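J.: In full-length UniProt numbering, the protein residues as written are 1 to 505.
For each residue, glycine too, the CB sits at the ideal point set by N, CA and C.
This structure is a prediction, so every number in the text was calculated from the model and none was measured.
Have a look at the structure that comes next, please.
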Amino acid sequence: MAKCATVFPLFGDNVSSFRLIISTWSGELSEVSAYRPNETRGASRVAGQFGLLWKRLTTTRTDEDRLQRQLLDYAEVGQRLFWQRQMIFGVALLLAGVYYSLPLAVLNLVMVVVSEAYDFRVFQNISKAKDHGQKPGQRHFWSVVIGTIISSGAISFFAIWISILQGQGSHFMPMFFLFAAGVFAAMNNHHLLCILALRLAIYGVTFFAIPIRDVVLTGADLGSELWVQLFTSVFVAYFIIDCSRIFLSMYRTNMERLIELEVQNKKIEAALAAKSAFLSTMSHELRTPLTSISASLDLALSGNLGKVDEAPKRVLEIAQRNSKTLKSLIDEVLDLQKASAGKLQLQCHTTDLVALVQEAVDVNQPYAGRFGCVIQFVRPAEPIYASVDVQRITQALSNMLSNAAKFSPAESEIEVSIMMRQDMALIEVRDQGEGLDEARKDEVFEPFTQLDSGDGRKAGGTGLGLSITKQIIEAHDGRIDYYRGPVRGTVFAMTLPVQGKAAAA
């Protein structure tokens, strides 16, 4: 695998850089250099997790895996066709008992019952092995071989004793049932080539034995009808073999495609798991040095270590802002990983959403002011109660408000409203920007997607805010969407289930 390096620049220009360089070779992290070179234990844990997950990407199926798949398919088809086989056997033995010999029909019935009971048990064992997390293997394969010999032997015995009772001449009934059994095997027993070949071989021997016996016993010349029957048997046998080849080829093609899809799916799952584990672990490991850096910067700027001159103070303030930005980025990455893994935990309590929105507006008002915008909240007279995680909903509202500020022109208003819509609370954030294309909804809520304001400006940020917001809202059984304003701008709307006024009591 090609050597690669990932670099995270953490501070602005003219400031001491905090850089984390991760070099990988053959799925293992080989070097981690950071602001504090001796802090490498976290990187070792990353190397271990990342290396183990990467090994899963090279996993391939063996012949044993292929046999397991074929046995499972064979057992599934066998169980599904159980009653169809019983109906066929019942009709055939009924005709044989009425028109030829009842005792032999009963004897054949016993053979069929034994065969079907054995096959049923084998199919159950194969299915149970799968249900209990075990893998069917050679033991089950040889059980299938024995069952094939018993069942095909019972059918051949049926054809032989009827042909003997019929005497020399046409043997339509036994030959037809052998032909039908061969076609049935070609259609439903093609999962295992050796099993199909064994069954067709037993049928084939019987299929040729019946007309050959007539030719031998009668000493018929080449122009006799008995020879025509023998030659026709050869043609019919070829037809059955060709049908078997076609069904076998179709099954193998489909199985190869299925296996390829499963392998690719496992590789994708392993890659996603490796990425998630890597990002999560590295984000946690970055917290420790970042906390020390932030604390040191805060202490230096507080003046407790002595007076700071204006020039170094500006540099320290840049570093402080970027450290906060990095902390926000780490928190967003961790939130995204939790949400993607379904581990986003909520601490829900009955809350007045009107007061919650008001608080979010007040908190984000200074941020909007940096863009020359003002947030106006159209506050309803009545409270609206819902069971929500206050911290998470506040986070979602802050993401929506910050995006609105980024995409609104200076000296414009951002309008926030909340109202009841049937049994849901509808919260809308309306900006005065150029407006987002409604055809890009899938892209807008994708992680790491940077939104274009429509006038050539690119908003700052990581592109994680709206993706995390969507995960938070959906975790509350709500929904988030957006649409273009009637004249300009974009309206982001979130809905949350409410509890009604009585919940306040």
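Excluding the five sequence neighbours on either side, which residues of its own chain have a C-beta within less than 8 Å of the C-beta of Leu401, listed in chain order?
T.: Hits under 8 Å: Ala360, Val361, Asn364, Tyr367, Ala368, Ile375, Ile414, Val416, Val429.
J.: Does the separation of the CB atoms of Trp161 and Leu109 fall below 8 Å?
T.: Contact: no.
J.: Spatial neighbours of Phe247 within its chain, please: CB distance less than 8 Å, with the 5 preceding and 5 following residues excluded, ordered by chain position.
T.: Ala186, Met187, His190
J.: Determine, using beta carbons only, whether Met250 and Arg69 come nearer to each other than 8 Å.
T.: no
J.: Excluding five sequence neighbours on each side, which residues of the same chain lie with their C-beta closer than 8 Å to the C-beta of Thr60?
T.: Interpretation of Thr60 is limited by its pLDDT of 43, a score under 50 that renders its predicted location unreliable; the figure taken from the coordinates is listed afterwards. These residues qualify, in order along the chain: Val263.
J.: I'd like to check one pair, Ser323 with Ser302: are the Cβ atoms closer than 8 Å?
T.: no
J.: Is the segment 461-470 close to the segment 318-335, with three or more CB pairs under 8 Å?
T.: yes
J.: Arg479 and Ile472 - do their beta-carbons sit closer together than 8 Å?
T.: no
J.: What residue range does the beta strand (DSSP E) around Tyr482 cover?
T.: 479-484 is the span of the beta strand (DSSP E), which, as asked, contains Tyr482.
J.: Give me, in chain order, the residues of the same chain whose beta-carbon lies closer than 7 Å to that of Gly204; leave out the 5 immediate sequence neighbours on both sides.
T.: In the same chain as Gly204, and ignoring 5 residues on each side of it, the C-beta atoms closer than 7 Å to its own belong to Ala237, in chain order.
J.: CB-CB under 6 Å to Ile210, same chain, minus the five flanking residues each way: which ones, in chain order?
T.: Here the set comprises Ser163, His171.
J.: Using 8 Å as the threshold, is the C-beta distance between Ser143 and Val122 below it?
T.: yes
J.: Does the separation of the CB atoms of Ser156 and Thr206 fall below 8 Å?
T.: yes
J.: Residues in its own chain within less than 7 Å of Ser412 by CB, not counting five upstream and five downstream?
T.: Cys373, Gln432
J.: Pick helix, strand or coil for Leu464, following the three-state DSSP scheme.
T.: coil
J.: Per DSSP, which one or two residues make a beta bridge with Arg421?
T.: DSSP output for Arg421 lists Met424 as bridge partner(s).
J.: Take the Cβ of Asp442 as the centre, count every other Cβ of all protein chains shown within 10 Å, and call the residue buried at 16 or more, exposed below.
T.: exposed
J.: To which residues does DSSP link Leu301 through a beta bridge?
T.: DSSP, once it has assigned bridges, lists no residue as partnering Leu301.
J.: Do you know offhand how far Gly435's Cα is from Arg252's?
T.: So the two alpha carbons sit approximately 53 Å from each other.
J.: Identify every run of the alpha helix (DSSP H) within the segment 366-421, keeping only runs that are complete inside it and at least 4 residues long; order them along the chain.
T.: 390-406
J.: Quick check on the burial criterion: 16 or more other C-beta atoms within 10 angstroms. Buried or exposed for Asp455?
T.: Residue confidence is low: Asp455 scores 49 on pLDDT, short of 50, so the model does not pin down where it sits. Its coordinate-derived value is still stated next. By the 10 Å Cβ count, Asp455 comes out exposed.
J.: Whole angstroms are fine: how far does the CA of Leu196 sit from the CA of Ala75?
T.: 14 Å
J.: Give the secondary structure of Phe445 by DSSP, where H, G and I count as helix, E and B as strand, and everything else as coil.
T.: Residue state, collapsed to three classes: coil.
J.: In its own chain, which residues sit with a C-beta less than 8 Å from the C-beta of Glu317, not counting the 5 before and 5 after it?
T.: Leu301
J.: Here's a check: name, in chain order, each residue in its chain whose Cβ is nearer than 6 Å to the Cβ of Asp73, leaving out the five neighbours to either side.
T.: Excluding the 5 residues flanking it on each side, Asp73 has same chain C-beta neighbours closer than 6 Å at His191, in chain order.
J.: Output needed for Gly165: all residues of its chain with C-beta closer than 7 Å, excluding positions within five of it in sequence on either side, in chain order.
T.: Per the sequence shown, the amino acid found at residue 165 is Leu instead of Gly. Closer than 7 Å at the Cβ level, and outside the excluded window around Leu165, lie Tyr100, Ser101.
J.: For Ala2, which three-state DSSP category applies?
T.: Legend: pLDDT at Ala2 = 40, less than 50; position of this residue unreliable, no value from coordinates given.
J.: Express the C-alpha separation of Gly137 and Val234 in angstroms, rounding to a whole number.
T.: Rounded to whole angstroms, Val234 to Gly137 spans 36 Å at the Cα level.
J.: Excluding the 5 residues preceding and the 5 following residue 573 in the sequence, name in chain order all residues of the same chain whose CB lies nearer than 8 Å to its CB.
T.: Only positions 1 to 505 of the chain appear in this structure, which leaves residue 573 out of reach.
J.: Are Phe371 and Ser408 closer than 8 Å when you measure CB to CB?
T.: yes
J.: Judging by CA-CA distance, which residue of Ile268, Leu346, Pro380 is the nearest neighbour of Asp352?
T.: Checked all of Ile268, Leu346, Pro380; the closest Cα to Asp352 is Pro380.
J.: Going by beta-carbon coordinates alone, are Gly153 and Ile88 separated by less than 8 Å?
T.: No, Cβ-Cβ distance for Gly153 and Ile88 is not below 8 Å.
J.: Straight-line CA distance for Asp242 to Ala180?
T.: 14 Å
J.: Rounded to a whole number of angstroms, what is the C-alpha to C-alpha distance between Ala117 and Asn265?
T.: 38 Å
J.: What do you reckon, is the C-beta of Val144 under 7 Å from a heavy atom of the ligand ATP?
T.: The model depicted lacks the ligand ATP and carries no ligand whatsoever.
J.: Tell me the DSSP secondary structure of Ala493 in three-state form.
T.: Here Ala493 sits in strand by DSSP.
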